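Participant: The sequence shown begins at 244 in the numbering used here and counts up one residue at a time. Note that beta-carbon positions come from the ideal geometry of N, C-alpha and C, so glycine has one too. This structure is a prediction, so every number in the text was calculated from the model and none was measured. What follows is a single structure, and I will ask about it in a moment.
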Amino acid sequence: MAGTDKSRRDDWSLATRLVQEGILRSQFGETSEAVFLNSGYVYDSPEQAEARFKGEAEGYVYSRYANPTVSMFERRMCALEGADAARGTASGMAAVAASLLCFLKAGDHVVSGRALFGSCLYIVEDLLPRYGISSTLVDGRDLSAWEAAVRPNTKAFFFETPTNPTLELVDIEAVAKIAKGCGALTVVDNVFATPLGQRPIELGADIVVYSATKHIDGQGRCLGGVVLGPQDYIDETLHTFLKHTGPSLSPFNAWVLLKGLETLPLRVARQCESATRIADFLADRPEISRVYYPGRTDHPQYDLAKKQMAFGGPMLAFEVGNKKEDAFAFLNGLQLFTISNNLGDAKSLTTHPATTTHQRLTSEARAELGIFDNTVRISVGLEDLNDLVADLDHALSAKP
Ligand SMILES: *Cc1c(COP(=O)(O)O)cnc(C)c1O
């Protein structure tokens with residue numbers, strides 16, 4: 244960080260900080276961030292080793308605890324999120340699991356939105372209760388349901404907004420206020436909004452988690468995750484948990500994600516612009532009965548979207564025809580969009596949630612979440628908008 248003028252840096256806009264923030268330049272003066280692919284570190288003397296182990300001297304000890312390339316990613320994520328501190332993890336699920344397990348204990352209770360990414364649902368519904376941490380799932384849109392679910396031992400509120408795949412919203416500010424009132428921490432999975440579209444910490448949330456696998460990498464290359472929050476929670480509670488359980492972010496993946504952050508604003512702006520146009524195109528088509536997109540005025544929670552989101556986001560969902568065969572005929576008719584359960588890629592991806600990501604649920608449970616046999620989800624990529632629209636147009640003309 245030699246020669247950095249701190250006072251000037253505080254004026255930098257987000258786009259600048261996403262390119263410049265957190266660089267730990269080595270003695271070789273490399274322009275691009277270096278990849279420190281090392282597991283261990285050496286010491287000048289036993290005294291230095293002792294001091295580092297006691298925490299009395301700055302410096303790295305072991306890459307399961309911390310690594311310079313991972314530190315650069317964490318610093319840049321803090322700048323992006325406006326958070327005190329952050330830790331990278333091996334995947335988004337490692338981030339979600341650690342963010343909760345690091346501070347909860349047997350006897351505690353968690354309230355969670357019921358519309359969750361499949362593995363998040365497993366953690367809240369199956370895993371936590373096995374360790375004596377009970378959970379209540381609520382309709383995240385209903386503030387009175389959050390209030391009614393609170394118990395004397397409630398220690399965490401956990402939710403995603405917008406939700407997967409039908410893009411329901413949770414009022415972050417209102418729910419975080421209820422959590423604060425009962426002394427629980429609010430943990431928000433902010434993947435679908437992206438860090439540029441929604442700032443949960445400013446809205447009162449305590450902790451934000453990401454699957455960096457999605458828009459932060461943005462090009463489908465590697466897994467990664469990150470947890471952001473207050474200094475004491477991150478540096479003490481979470482750090483101790485991660486250090487001793489080991490879901491560390493690979494330095495190579497941290498480097499890929501750092502490079503992803505440099506182009507995040509460009510990519511997400513383009514994806515959101517295309518998503519808006521695609522949502523409007525689909526809404527005008529007779530084959531489509533319903534479009535779910537927080538950026539459209541016909542979204543049932545459009546006012547909330549305007550209040551807490553900077554844009555409608557890069558994800559959308561819709562219902563095509565009225566049965567599974569209609570959805571499959573549409574998916575089989577696509578030539579440019581590819582079928583994948585992944586999201587947040589440069590490539591535009593489509594998913595049929597009922598038979599893939601949400602197959603584990605009963606059809607009644609799916610219906611409660613607004614997922615039907617004709618529901619299709621789209622993750623908008625970076626291809627030319629006209630090509631994407633032409634592909635949708637062609638596929639909509641396909642008959643089962
Ligand atoms: C993908 C995803 C996760 C899990 O992230 P991985 O990197 O795949 O482990 C968690 N939450 C949401 C909303 C996701 O989209």
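Provide the residue span of the alpha helix (DSSP H) that contains His637, from first to last.
Facilitator: Mapped onto the sequence shown, residue 637 falls at position 394. Segment 628-639, the alpha helix (DSSP H) holding His637.
Participant: Consult DSSP for Ser454 and reduce its assignment to one of helix, strand or coil.
Facilitator: As a first step, residue 454 must be located in the sequence shown, where it is residue number 211. The answer is strand: DSSP assigns Ser454 an E or B state.
Participant: To test your reading of the DSSP string, which unbroken alpha helix (DSSP H) runs of 4 or more residues are found completely within the segment 488-561?
Facilitator: 494-526, 545-551
Participant: Can the beta-carbon of Arg357 be found less than 8 Å from the beta-carbon of Leu504?
Facilitator: One-based indexing of the sequence shown puts residue 357 at position 114. One-based indexing of the sequence shown puts residue 504 at position 261. For Arg357 and Leu504, no; Cβs fall outside 8 Å.
Participant: Could you check which residue in Asn629, Ala341, Ser640, Arg603 has the C-alpha nearest to that of Lys486?
Facilitator: Residue mapping note: residue 486 aligns to position 243 of the sequence shown, counting from 1. Among Asn629, Ala341, Ser640, Arg603, the Cα nearest to that of Lys486 is on Ala341.
Participant: Since I believe Gln514 is in contact with Pro473 (beta carbons under 8 Å), could you give me their beta-carbon distance rounded to a whole number of angstroms?
Facilitator: The residue you call residue 473 lines up with position 230 of the sequence shown. The residue you call residue 514 lines up with position 271 of the sequence shown. Rounded, the Cβ-Cβ distance is 31 Å, inconsistent with contact.
Participant: Let's see if you can read the secondary structure: which residues bound the beta strand (DSSP E) around Lys398?
Facilitator: If you number the sequence shown from 1, residue 398 lands on position 155. Run containing Lys398: 397-403, per the beta strand (DSSP E) assignment.
Participant: Please classify Arg394: is it buried, with 16 or more other beta-carbons within 10 angstroms of its beta-carbon, or exposed?
Facilitator: Here the question's residue 394 lines up with position 151 in the sequence shown. With fewer than 16 other Cβ atoms within 10 Å, it is exposed.
Participant: Relative to the C-alpha of Met315, which residue among Gly265, Ser306, Phe346, Gly447 is closest?
Facilitator: Mapped onto the sequence shown, residue 315 falls at position 72. Per the Cα distances, Gly265.
Participant: Express the C-alpha separation of Ala589 and Leu639 in angstroms, rounding to a whole number.
Facilitator: The count along the sequence shown starts at 1 and reaches residue 639 at position 396. The count along the sequence shown starts at 1 and reaches residue 589 at position 346. Cα to Cα, Leu639 sits roughly 23 Å from Ala589.
Participant: So, for Glu324: in the same chain, excluding its five sequence neighbours on each side, which residues have a beta-carbon less than 8 Å away from its beta-carbon?
Facilitator: Taking the sequence shown and counting its residues from 1, one reaches residue 324 at position 81. Result list for Glu324: Pro438, Arg442, Ile444, Val451, Leu471, in chain order.
Participant: Starting from Arg384 and walking both ways along the beta strand (DSSP E), at which residues does that stretch end?
Facilitator: Within the sequence shown, numbered from 1, the residue matching residue 384 stands at position 141. Segment: none, Arg384 is in no beta strand (DSSP E) and carries neither H nor E.
Participant: Cutting at 8 Å between CB atoms, please list the residues of its own chain near Ala436, excluding the five before and the five after it.
Facilitator: Counting from 1 along the sequence shown, the entry for residue 436 is found at position 193. Counting only Cβ-Cβ distances below 8 Å, and skipping sequence neighbours, we find Thr404, Pro405, Met552, Gly556.
Participant: Ignore the nearest five residues each way along the sequence and tell me which others in Gly246's own chain have a CB closer than 8 Å to its CB.
Facilitator: Locating residue 246 in the sequence shown gives position 3, where the first residue counts as 1. Here Gly246 scores only 44 on pLDDT, less than 50, and its place in the model should not be relied on; the value that follows carries that caveat. Cβ neighbours of Gly246 beyond the five flanking positions: none.
Participant: Tell me, to the nearest whole angstrom, how far the beta carbon of Glu416 is from that of Leu446; I am working on the premise that it is less than 8 Å.
Facilitator: The residue given as residue 416 occupies position 173 in the sequence shown. The residue given as residue 446 occupies position 203 in the sequence shown. The Cβ separation is near 5 Å, so the contact holds.
Participant: When you compare each of Val563, Leu559, Arg510 to Ala641 by their alpha carbons, which one comes out closest?
Facilitator: Residue numbering aside, residue 641 sits at position 398 when the sequence shown is read from its first letter. It is Val563.
Participant: State yes or no: is the C-beta of Asn407 nearer than 7 Å to some heavy atom of ligand 1?
Facilitator: Sequence index remark: in the sequence shown, residue 407 carries index 164 (1-based). At least one heavy atom of ligand 1 is nearer than 7 Å to the Cβ of Asn407, so yes.
Participant: Which stretch, first to last residue, makes up the beta strand (DSSP E) that contains Ser622?
Facilitator: Residue numbering aside, residue 622 sits at position 379 when the sequence shown is read from its first letter. From DSSP, the beta strand (DSSP E) with Ser622 extends over 618-622.
Participant: Can the beta-carbon of Gln544 be found closer than 8 Å to that of Arg384?
Facilitator: Within the sequence shown, residue 544 is the residue found at index 301, counting from 1. Within the sequence shown, residue 384 is the residue found at index 141, counting from 1. Result yes, Cβ atoms of Gln544 and Arg384 sit closer than 8 Å.
Participant: Quick one: does the C-beta of Val466 sit closer than 7 Å to a heavy atom of ligand 1?
Facilitator: Locating residue 466 in the sequence shown gives position 223, where the first residue counts as 1. It is Leu, not Val, that sits at residue 466 in the sequence shown. It does: the Cβ of Leu466 is within 7 Å (strictly closer) of some heavy atom of ligand 1.
Participant: From what residue to what residue does the beta strand (DSSP E) around Gly468 run?
Facilitator: Here the question's residue 468 lines up with position 225 in the sequence shown. Gly468 -> beta strand (DSSP E) spans 468-472.
Participant: Please determine whether the Cβ atom of Glu403 lies at a distance below 7 Å from any heavy atom of ligand 1.
Facilitator: Within the sequence shown, the letter at position 160 stands for residue 403. True, at least one ligand heavy atom lies under 7 Å from that Cβ.
Participant: Go ahead and pull the three-state DSSP assignment for Ala328.
Facilitator: If you number the sequence shown from 1, residue 328 lands on position 85. Reduced to three states, the DSSP call for Ala328 is strand.
Participant: Taking buried to mean at least 16 other C-beta atoms within 10 Å of its own C-beta, is Ala349 buried or exposed?
Facilitator: In the sequence shown, counting from the first residue as 1, residue 349 sits at position 106. Flag for Ala349 reads exposed.
Participant: On the premise that Gly331 lies in contact with Ala497, defined as a C-beta separation below 8 Å, what is that separation, rounded to the nearest angstrom?
Facilitator: Working through the sequence shown from its first residue, we reach residue 497 at position 254. Working through the sequence shown from its first residue, we reach residue 331 at position 88. So it is a contact: roughly 6 Å between Cβ atoms.
Participant: Would you kindly work out how many angstroms separate the C-alpha atoms of Glu290 and Tyr308, rounded to a whole number?
Facilitator: Within the sequence shown, residue 290 is the residue found at index 47, counting from 1. Within the sequence shown, residue 308 is the residue found at index 65, counting from 1. For Glu290 and Tyr308, the distance between alpha carbons rounds to 20 Å.
Participant: Using only the heavy atoms of ligand 1, determine whether one of them is closer than 7 Å to the beta carbon of Gly375.
Facilitator: Here residue 375 refers to the residue found at position 132 of the sequence shown. No, since every heavy atom of ligand 1 falls outside the 7 Å radius drawn around the Cβ of Gly375.
Participant: For the structure I just gave you, are there three or more beta carbon pairs, one from the segment 581-601 and one from the segment 618-628, closer than 8 Å?
Facilitator: yes
Participant: Go through the segment 314-361 residue by residue and report every complete run of the beta strand (DSSP E) that reaches 3 residues or more, in order.
Facilitator: 328-332, 352-356
Participant: Straight-line CA distance for Ala292 to Gly272?
Facilitator: Locating residue 292 in the sequence shown gives position 49, counting from the first residue. Locating residue 272 in the sequence shown gives position 29, counting from the first residue. Whole-angstrom Cα-Cα distance: 27 Å.
Participant: Starting from the Cα of Thr618, find the closest Cα among Asn310, Thr409, Leu370, Leu364 and give me that residue.
Facilitator: The residue given as residue 618 occupies position 375 in the sequence shown. Cα-wise, what sits closest to Thr618 is Thr409.
Participant: Which residues does DSSP list as the beta-bridge partners of Thr699?
Facilitator: Because the chain is modelled from 244 through 643, residue 699 falls outside the range shown and cannot be assessed.
Participant: Just curious, the alpha helix (DSSP H) that Asp460 is in, first and last residue?
Facilitator: Here the question's residue 460 lines up with position 217 in the sequence shown. That residue, Asp460, is in no alpha helix (DSSP H); it is neither H nor E in DSSP.
Participant: Taking the alpha carbon of Ser454 as the point to measure from, which residue in Val534, Cys425, Ala333, His482 has its own alpha carbon closest?
Facilitator: On the sequence shown, position 211 is the one that residue 454 refers to. Closest by alpha carbon: Ala333.
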